[in-house]
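S.K.:
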Ligand SMILES: [Ca+2]
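Residue numbers (mature numbering (1 follows the signal peptide of the UniProt record, and there is no 0)): -28 to -1, 1 to 264.
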């Protein structure tokens, strides 16, 4: 396991711009009896979100609460999505100690929509105390899948195992940059020094394909010849049929390897990982599949 310091959300947090939640004044209570503004600031990164109906490319939102008051407290932040939006959580609860300086507490939420969702505008309403914050969410059209486009992008992945520091979808998220390994992208299996491992992607529909491009970890600090994937088979299957090997790669030391083969009808593609150059883990930064 090669660890790069910093949480997955660090990069986006740096760009955070907070929106303050202002409480609605209590009309029936005297001002001295209850604060008219919430002492908890709520913000999101980004402030507005764009999503598409791909199963392995969820919109990523980071929720942040800051207790600006002098009393420690517990806070429940509720998330109410509209329309087709599906959230990985509907509440963010945390103890918020009163500290000086104020300390932010953050949590991620994934936002998905079904594949057939019409493009349009929706929102997630965040509720805390009597305050509200609307986060606009735009559903964009699915990316075109013409012959030149990557058919694996954002499609449902499956793996024999996934290391706890990684996301299953990290090898089909469109990011093939090894400098983003671990913190932002990539798939790493979860069974150290045990091979084989498998990483699969299910295509949207049966398609004639003839090319698979695999990017394994290859950075200045972690070159592929030392830590990259060494031996693997490219396999395909269609319907309930078995896996067929269409290409073999052996003794690899490169970061990006293109395998071409006779056009074959497939609705799933598998990388059967047989060995790594350091004999510990299977590391795939990105898997791309192209039609013929
Ligand atoms: Ca990736």
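Even for Gly, the Cβ is constructed at its ideal location relative to N, Cα and C.
Please look up how many angstroms separate the CB atoms of residue 66 and residue 34, rounded, as I've assumed it's under 8 Å.
M.R.: What you label residue 66 is simply residue 94 of the chain shown in a count that begins at 1. What you label residue 34 is simply residue 62 of the chain shown in a count that begins at 1. About 14 Å; that fails the 8 Å criterion.
S.K.: Can you tell me where the alpha helix (DSSP H) holding residue 133 begins and where it ends?
M.R.: Taking the first residue of the chain shown as 1, we reach residue 133 at position 161. No alpha helix (DSSP H) contains residue 133, which DSSP labels as neither H nor E.
S.K.: Using 8 Å as the cut-off, classify the Cβ of residue 155 as near or not near the heavy atoms of ligand 1, replying yes or no.
M.R.: Reading the chain shown from its first residue, position 183 is the one you call residue 155. For ligand 1, not one heavy atom lies less than 8 Å from the Cβ of residue 155.
S.K.: Using 8 Å as the cut-off, can you tell me whether the segment 125 to 144 makes contact with the segment 215 to 222, which would need three or more C-beta pairs spanning the two stretches below that distance?
M.R.: No, the segment 125 to 144 does not touch the segment 215 to 222.
S.K.: Given a threshold of 16 other Cβ atoms within 10 Å of its Cβ, counted over all protein chains shown, does residue 46 qualify as buried or as exposed?
M.R.: Walking along the chain shown from the start, residue 46 turns up at place 74. Flag for residue 46 reads exposed.
S.K.: Apart from the five residues just before and just after residue 228, which ones in its own chain have a Cβ nearer than 6 Å to its Cβ?
M.R.: For this step, residue 228 is matched to residue 256 along the chain shown. Correct list, in chain order: 187.
S.K.: On the CB-based measure, 16 or more other CB atoms within 10 Å of its CB, does residue 2 come out buried or exposed?
M.R.: Your numbering for residue 2 matches position 30 in the chain shown. With a pLDDT of 43 at residue 2, under the threshold of 50, the modelled position of that residue is not reliable, and the figure given next carries that caveat. Residue 2 should be labelled exposed.
S.K.: Give every residue of the same chain whose Cβ lies closer than 7 Å to the Cβ of residue 86, excluding the five residues on either side of it in the sequence, and list them in chain order.
M.R.: The residue labelled residue 86 in the question sits at position 114 within the chain shown. Around residue 86: 25 and 56.
S.K.: Look up residue 223 in the DSSP assignment and say whether it is helix, strand or coil.
M.R.: Start at 1 with the first residue of the chain shown, and residue 223 comes out as number 251. Of the three classes helix, strand and coil, the one that applies to residue 223 here is coil, per DSSP.
S.K.: Hey, residue 196 and residue 226 are a contact pair by Cβ (cut 8 Å); roughly how many whole angstroms apart?
M.R.: By 1-based counting over the chain shown, the position of residue 196 is 224. By 1-based counting over the chain shown, the position of residue 226 is 254. With a Cβ gap of about 6 Å, residue 196 and residue 226 count as contacting.
S.K.: Are there any heavy atoms of ligand 1 lying less than 8 Å away from the beta-carbon of residue 93, as far as the coordinates show?
M.R.: The residue given as residue 93 occupies position 121 in the chain shown. No, the Cβ of residue 93 stays beyond 8 Å of every heavy atom of ligand 1.
S.K.: Rounding to the nearest angstrom, what Cα-Cα distance links residue -6 and residue 95 in this structure?
M.R.: Here residue -6 corresponds to residue number 23 of the chain shown, with the count starting at 1. Here residue 95 corresponds to residue number 123 of the chain shown, with the count starting at 1. Confidence is the limiting factor: at residue -6 the pLDDT is only 39, short of 50, which leaves the residue's position unreliable, though a coordinate-based value still follows. Straight-line Cα distance between these residues: approximately 20 Å.
S.K.: Going by beta carbon distance, what residues of the same chain come within less than 7 Å of residue 165, once the five residues before and after it are set aside?
M.R.: Indexing the chain shown from 1 puts residue 165 at position 193. So the list reads 251 and 252, once near-sequence residues are dropped.
S.K.: Return the CA-CA distance between residue 198 and residue 59, expressed in angstroms with no decimal places.
M.R.: Here the question's residue 198 lines up with position 226 in the chain shown. Here the question's residue 59 lines up with position 87 in the chain shown. Their Cα atoms are separated by approximately 39 Å.
S.K.: Just the Cα atoms here: how many angstroms apart are residue 232 and residue 120?
M.R.: Counting from 1 along the chain shown, the entry for residue 232 is found at position 260. Counting from 1 along the chain shown, the entry for residue 120 is found at position 148. Spanning the two alpha carbons is a distance of roughly 14 Å.
S.K.: Tell me the rounded alpha-carbon separation between residue 204 and residue 91.
M.R.: To locate residue 204, count along the chain shown from 1; it is residue 232. To locate residue 91, count along the chain shown from 1; it is residue 119. Approximately 39 Å, taken between the alpha carbons.
S.K.: Return the residue from the list 207, 259 and 23 that minimises the CA-CA distance to residue 113.
M.R.: On the chain shown, position 141 is the one that residue 113 refers to. That would be 23, whose Cα lies nearest to the Cα of residue 113.
S.K.: How many Å lie between residue 10 and residue 102 at the Cα?
M.R.: As a position in the chain shown, residue 10 is number 38, starting the count at 1. As a position in the chain shown, residue 102 is number 130, starting the count at 1. Taking the straight line joining both Cα atoms gives about 8 Å.
S.K.: Since I believe residue 93 is in contact with residue 80 (beta carbons under 8 Å), could you give me their beta-carbon distance rounded to a whole number of angstroms?
M.R.: In the chain shown, residue 80 corresponds to position 108, counting from 1. In the chain shown, residue 93 corresponds to position 121, counting from 1. With a Cβ gap of about 23 Å, residue 80 and residue 93 do not count as contacting.
S.K.: Determine the DSSP secondary structure at residue 85, reduced to helix, strand or coil.
M.R.: Numbered from its first residue, the chain shown carries residue 85 at position 113. Coil at residue 85, not helix or strand.
S.K.: Would you identify the three-state DSSP class for residue -15, choosing helix, strand or coil?
M.R.: To locate residue -15, count along the chain shown from 1; it is residue 14. Confidence is the limiting factor: at residue -15 the pLDDT is only 35, short of 50, which leaves the residue's position unreliable, though a coordinate-based value still follows. Note: residue -15 maps to helix in three-state DSSP.
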